[in-house]
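Single-structure report; data block below.
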Amino acid sequence: MSFDPVKLEIYKSLFHSIAEEMGATLRRTAYSPNIKERRDYSTAIFDGQGRMVAQGDHMPVHLGSMPLSVASAIRNRTIDPGDMIVLNDPYRGGTHLPDITLVSGVFGKQERLFFVASRAHHSDVGGMTPGSMPLAEEIYQEGLRIPPVKLIEKGEINRDVWDLVLANVRTPEERDGDLAAMLAANRTGERRLLEIVGKYGLKEVRGYIDELLDYTERMTRHVIRQIPDGVYQAEDVLDGDGLVDAPVRIHARITVRGSRARIDFSKSDLQVGGSVNAVYAITASVVFYVFRTLVGVSIPSTEGGMRPLEVIAPEGTVVNARPPAAVCGGNVETAQRIVDVLYRCLAPALPDRIPAASQGTMNNVTFGGVDPRNGKPFAYYETIAGGMGARPGLDGVSGVHTHMTNSMNTPVEAIELAYPVRVERYRLRRGSGGAGRNAGGDGIEREIRFLTPARVTLLSERRRFAPYGLRGGRPGEPGRNRIIKADGSARDLDSKFETAMEPGDVLSIETPGGGGWGRARRKGVRKQR
Amino acid sequence: MAGGDRPRRRTRGRGGAGGAGGWIAVDTGGTFTDFVRIRDGAVEVVKELSTPRAPEDAILKGLERLGGGGDVIHGSTVATNALLERKGARTALVTTAGFEDVLVIGRQTRRDLYDVFTTRPEPLVSDDCRIGVRQRTLWDGTREVALDADALGALASRVEALGVDSVAVSFLFSFADPTDEERVGALLAGRGVPVSLSSAILPEYREYERTSTTVINAYLAPVMSRYLGRLAATLGSRQLRVMQSNGGAVRAATAAKAPVHTILSGPAGGVVGAFAAGEQAGYSRLITFDMGGTSTDVALLDGQIRVTRENEIDGMPIGVPMMDMHTVGAGGGSIASADAGGALKVGPESAGADPGPICYGAGAEFTVTDANVVLGRLLPRFFLGGGMALDAGRIVGALRRLRWTRGWPSTQRLAQGVIDVVNNNMEQAIRLISVERGHDARDFSLVTFGGAGGLHAATLAAGLGIPRVIVPPHPGVLSALGLLLADARKDYSRSMVGKPATASLIRRTLAALHAQGVRELKDEGFRRSAIAAMDFVDVRYVGQSYELTVPYGRDWEAAFHRAHELRYGHSDAERAVEVVNARTALVGRTPKPAVERIPRTRRPARPLARSRVWVNGRWRSAGVYDRRDLARGHVVQGPAVIGEYSSTTFVPPEFRCDVDSVGNLILTRTR
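Note that the protein sequences, when read in sequence, are chains A and B.
Quick note: the first sequence uses the working numbering, first residue 1, plus one each step.
Quick note: the second sequence uses the working numbering, first residue 530, plus one each step.
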């Protein structure tokens, strides 16, 4: 088959639009605000060998980890026509337990042609606390662990599995609706892929999948070649694991040779007792993300982009945890710190392209209790945006999600309609961005008053160690967590805590500002031209 | 919507046949301002070079050229342009204290996931002009903290000190109790400051979307008001009506106060015109395809014009009903380029009108229009009367720059590639509004207009399985024609979240909206008998967070389950549903001018000339026709090129083109 740059462009947009269409189906049909309002999900397409061909523009943290879900499904189960495999086990293809992934095969007359996968963050999968983002010490406390098993067999729902899942979660009706939405998403992908094969023929489609992977590989190599050959090292820390009062160190050493890069995390800390451990899938996602941002133009998310990158993350470290370590914070917090470390490595090599550190946390808030309005249990999860790091020549954006997440907020009016809480404040935290020639973006202030007894878990970072500035820019202001009791007494809390709230108590969260870039000019002194 | 009882002519408003000269449509949408009048069934068209700084100058000139009297119905881009170019009024925003930055934070997301240099559009209200006041309303309408006199007084002096030209007010849950907003409104209106209240502009839940919509209105109101004032003065005794984004026209005074309803004023005329053209041809399930120089609008009409509330302009949501239209950033002027990985890209960069495509004379970058010229589908002789010339040398130079990676094909194949890529983008856009929403594209006809649509429509239809393409007469001024066919329309809504959706409550809510709407349409000059209401409810399953709009009637619940099934592939009649909003559209029906049928002819269509076109990898001989020579009953076999003033239609080899009784070209596949 001869290569045609026109066809390449067409296939690129075809596969991407199918992944986006799967995502639209999932969003539209889901039940929980977490999927519909916040859009915490991803969808992707793979070829018959499990190589990623396209992913919708949803959540970067799912970027490099979706292929591992598909690989695990293939390894652990035979996938026949009409089967769908469900999984969330971080040690077998998952990331953290709330992220449930559904993988299905797409079959032609005789053979398997593709896989499609959808993943959504479910706002409760059981475990110690409502919202399933607890301060756990082992994975068994974090919720229901689902190895790759058949949720759908020959087109029929496997009620045994379905009922077992629903029996282990706090909000089964919502889970039921959300799982059905994931099913609909996979079916959308399957239908569209078969249409394309029918229209263009299998031979051509397969040929252009190879071309597409090669294309993303070329684009990635093109970028790596722009980095001067050499060895770049940096490190940064997490505030702590939520159990022991000690920082957790992440170290990276990037070796660039021509169009290849090796990213070695060997000098990072060993896995810890709390839940900030990342499984390998997370670390791979971050590496993929960082190099993808360097490309500068929009390229498809395919397996080809990973080829020039070699990731070394020894088992048993905080960047490649072994069971039964708790991992729910690895996905949301450690992932952000790995980004910070990799950019810090590359800043001297690409001085005009690397931003200062962004807020470096997702500020995960979960709470639950019983709603006095209807007597039903509720579980809520949200993440709060913060300041973006300043860029060379450009201030950081204020009050925005950065790097590994892009989930939306839930409108204040939607929260108060659905849950027995009152949002007292939601605004920018002025002055929290680091000063510099370009200033970091400001964080956010959010205050929630509880109207009923509730359990709250907060999983946040950068309360102690600030987001760094670059080239003389000041660091961003660290975040701050507080509880203001109904009687007016207030106390500061750590990065990670779990506590009971009484009616009238207020949870106050101030998210970090982004780091500044470049030395700030002294006030009143104009630069001479 | 056409027909029905006709309103009696009144002193104000749009009854009967207008003033002495009938109604004149004026569309200031593009490079040219278009004027259309229908007199005794004949369509008169005038084009005048637009004067964007003062659109009324071109309007005055055009009206003089057209001659005679006549009232004006106007498709305006003043609001859209002021918004995109950030040339609106200095505006303040008053919010519940603690929520001053909702407008800036938005949904806390970034536009591009992988671009670390991504930016957020500057907010329409600067930091120092966002004012929080102490007040709080709850979801059920309880006023937990009522706005007091001290706060009001402080607010008044603050607004005065800021010296703003316009004020938006958006308090949390104001849709449940608008009292506090109304107090602020009364206070500031008393001091002569124009005020936009969120409880009046968009009384629906979700504070960011409501605030954004209200702020846009406040930002545009002074600009629109000044412009329409100048225009009215220019027009003297002629009446002036303005097209809204929902496809209905209103008095200029109404549009001046609620300009957020006019963001799609121009394109909405095109959709109304396309719908009328489709119906005249005998089809009411249509996909409209308006391809211009830098962008393309597509819309799906399933027997009626559809509106949506999920709109965005430059990253800012607008929650008022607008034509359900999808825009792609690609058109005739889109530039072709090759990236480092060897893929051919088309757009989003555009050569615009200046320097324009290479074939316009000054451009240097290869565009979609140039590709059509290379392939022989666009003939210089038809370019606005033959004024444009093709510089072959420049085209070759531009093409050479494109071929720096492996495997680049010949000039023609490359041009064909540019067409394929742009058609694929268009195809994805049409899929998005049809297949992805549960419609089968094969049940629809494609109505194409705008300068470039006719060159791409047939191929596009074939790729999507759409059985026919309709090219209405005067495709270059269809948006203006549509203005003449528009009814008056006003949309009203009221949030019902948190309340039990009993039939009596829905009826009471709708009745209140009807009363308001009838009053306002009577002010527009419509008799009660010419006013009709279309009622809707926004419904969702309890626990969902997005709702579907379905017609309100006895079986609204069943209609919701059906709509959910169609859109999402599943529904559950057992599951409890809730009503989020009640809404109604009040339509003031206007008489429609009749277009003359064209006579049948016995003589076969005769080409002006023959010319070479490149199709399916080789040159073919094609007939070249002037559309003015085509009459009812004529059949043109592809390959053929049918040219007219400001538009060209390409008939591919496997297509035939029939001319119907009102002059539509109907393209269908022959094999």
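Backbone N, C-alpha and C fix where the C-beta goes; we use that ideal spot for every residue, glycine too.
No experiment lies behind these values; they were computed from the predicted model shown.
Would you say the region 279-296 of chain A touches the region 142-156 of chain A, given that touching needs at least three Cβ pairs under 8 Å?
-> Taking one beta carbon from each stretch, the region 279-296 of chain A and the region 142-156 of chain A have fewer than 3 pairs nearer than 8 Å; the two do not touch.
Please report how far the alpha carbon of residue 577/B lies from the alpha carbon of residue 558/B, in whole angstroms.
-> About 12 Å.
Pick from 1096/B, 759/B, 846/B: whose alpha carbon is nearest that of residue 792/B?
-> Residue 792/B has its Cα closest to that of 846/B, out of 1096/B, 759/B, 846/B.
Whole-angstrom distance between residue 1099/B and residue 147/A, CA atom to CA atom = Approximately 28 Å, taken between the alpha carbons.
Under the DSSP definition of a beta bridge, which residues are partnered with residue 345/A?
-> Looking at the DSSP assignment, residue 345/A forms no beta bridge with any residue, so it has no partner.
Can the beta-carbon of residue 420/A be found closer than 8 Å to that of residue 735/B?
-> Contact: no.
When the Cβ atoms of the region 848-856 of chain B are set against those of the region 821-830 of chain B, are three or more pairs found closer than 8 Å?
-> Taking 8 Å as the limit for Cβ pairs, the verdict is that the region 821-830 of chain B does touch the region 848-856 of chain B.
State yes or no: is the beta carbon of residue 10/A nearer than 8 Å to at least one beta carbon in chain B?
-> Closer than 8 Å to the CB of residue 10/A there is at least one CB belonging to chain B.
Give the residues of chain E in contact with residue 831/B, contact being defined as C-beta atoms less than 8 Å apart.
-> No chain E is part of this structure, whose protein chains are labelled A and B.
Kindly give me the distance between the Cβ atoms of residue 1117/B and residue 990/B, rounded to whole angstroms, as I take these residues to be in contact under 8 Å.
-> Contact check for residue 1117/B and residue 990/B: beta-carbon distance about 35 Å, past the 8 Å limit, so the pair fails to qualify.
Min CB distance residue 416/A to chain B below 8 Å | Yes, residue 416/A lies at the interface with chain B (some Cβ there is under 8 Å from its Cβ).
Leaving out five residues before and five after residue 71/A in sequence, what residues of the same chain have Cβ atoms less than 8 Å from its Cβ?
-> Correct list, in chain order: 50, 93.
Residue 796/B versus residue 682/B: straight-line alpha-carbon distance, rounded = For residue 796/B and residue 682/B, the distance between alpha carbons rounds to 44 Å.
Output the boundary residues of the alpha helix (DSSP H) element that contains residue 429/A.
-> Going by DSSP, residue 429/A is part of no alpha helix (DSSP H) but of the beta strand (DSSP E) stretching over 421-429.
Below-8 Å beta-carbon distance, residue 610/B vs any chain A residue | The beta carbon of residue 610/B does not come within 8 Å of any beta carbon belonging to chain A, so the residue lies off that interface.
What residues in the region 389-412 of chain A have a beta carbon less than 8 Å from any beta carbon of chain B?
-> When CB distances to chain B are screened at a threshold of 8 Å, the residues of the region 389-412 of chain A falling below it are 391, 394, 397, 398, 399, 400, 401, 402, 406, 407, 408, 409, 411, 412, in chain order.
Taking all protein chains shown into account, do 16 or more other C-beta atoms lie within 10 angstroms of the C-beta of residue 1148/B, making it buried, or fewer, making it exposed?
-> Residue 1148/B comes out exposed.
Along the chain, which unbroken stretches of the alpha helix (DSSP H) at least 4 residues long are found entirely within the region 53-100 of chain A?
-> Given a length threshold of 4 residues, each whole run of the alpha helix (DSSP H) inside the region 53-100 of chain A is given here in chain order: 66-76.
Does the count of Cβ pairs from the region 341-349 of chain A and the region 370-386 of chain A closer than 8 Å reach three?
-> The region 341-349 of chain A is not in contact with the region 370-386 of chain A.
Straight-line CA distance for residue 272/A to residue 317/A?
-> So the two alpha carbons sit approximately 8 Å from each other.
Backbone CA spacing between residue 1184/B and residue 898/B [nearest angstrom] | Distance between the alpha carbons of residue 1184/B and residue 898/B: 22 Å.
Is it a yes or a no for the region 649-660 of chain B touching the region 605-620 of chain B, going by three-plus beta-carbon pairs under 8 Å?
-> These segments touch.
Terminal residues of the continuous beta strand (DSSP E) containing residue 114/A?
-> Start and end: 112-121.
Just confirm the distance between the C-beta atoms of residue 197/A and residue 309/A, as a whole number of angstroms; I'd bet it's less than 8 Å.
-> The distance from the Cβ of residue 197/A to that of residue 309/A is about 31 Å, inconsistent with a contact at the 8 Å cut-off.
Assign residue 841/B to one of three DSSP states: helix, strand, or coil.
-> Per DSSP, reduced to three states, the secondary structure at residue 841/B is strand.
Grouping DSSP H, G and I as helix and E and B as strand, with all else coil, what is residue 337/A?
-> Of the three classes helix, strand and coil, the one that applies to residue 337/A here is helix, per DSSP.
Could you have a look at residue 320/A and say whether DSSP puts it in helix, strand or coil?
-> If DSSP states are grouped into helix, strand and coil, residue 320/A belongs with the strands.
Residues from the region 588-619 of chain B in contact with chain A, defined by Cβ distance under 8 Å | Within the region 588-619 of chain B, no residue places its CB atom closer than 8 Å to a CB of chain A.
Under 8 Å between C-beta atoms, does residue 444/A make it to chain B?
-> Answer yes: the Cβ-Cβ gap between residue 444/A and chain B drops below 8 Å somewhere.
Should the region 1158-1178 of chain B be called in touch with the region 981-1000 of chain B, which here means at least 3 C-beta pairs below 8 Å?
-> With the cut-off at 8 Å, the region 1158-1178 of chain B and the region 981-1000 of chain B touch.
Under a CB-based cut-off of 8 Å, is residue 502/A close to chain B?
-> Chain B, which has no Cβ nearer than 8 Å to the Cβ of residue 502/A, makes this no.
Reduced DSSP category for residue 1055/B - H, G, I as helix; E, B as strand; rest coil = Residue 1055/B sits in coil when the DSSP states are folded into three classes, being neither helix nor strand.
For the beta strand (DSSP E) that residue 643/B lies in, which residues bound it at each end?
-> Annotation for residue 643/B: no beta strand (DSSP E) segment contains it, and DSSP assigns it neither H nor E.
When DSSP builds the beta bridges, which residues end up paired with residue 1175/B?
-> Answer is none; residue 1175/B lacks a bridge partner.
Excluding the five sequence neighbours on either side, which residues of its own chain have a C-beta within less than 7 Å of the C-beta of residue 42/A, listed in chain order?
-> Answer for residue 42/A: 55, 56, 58, 59, 62, 66, 119, listed in chain order.
Boundaries (first-last residue) of the alpha helix (DSSP H) holding residue 33/A | In the DSSP assignment, residue 33/A falls within the alpha helix (DSSP H) that extends over 33-36.
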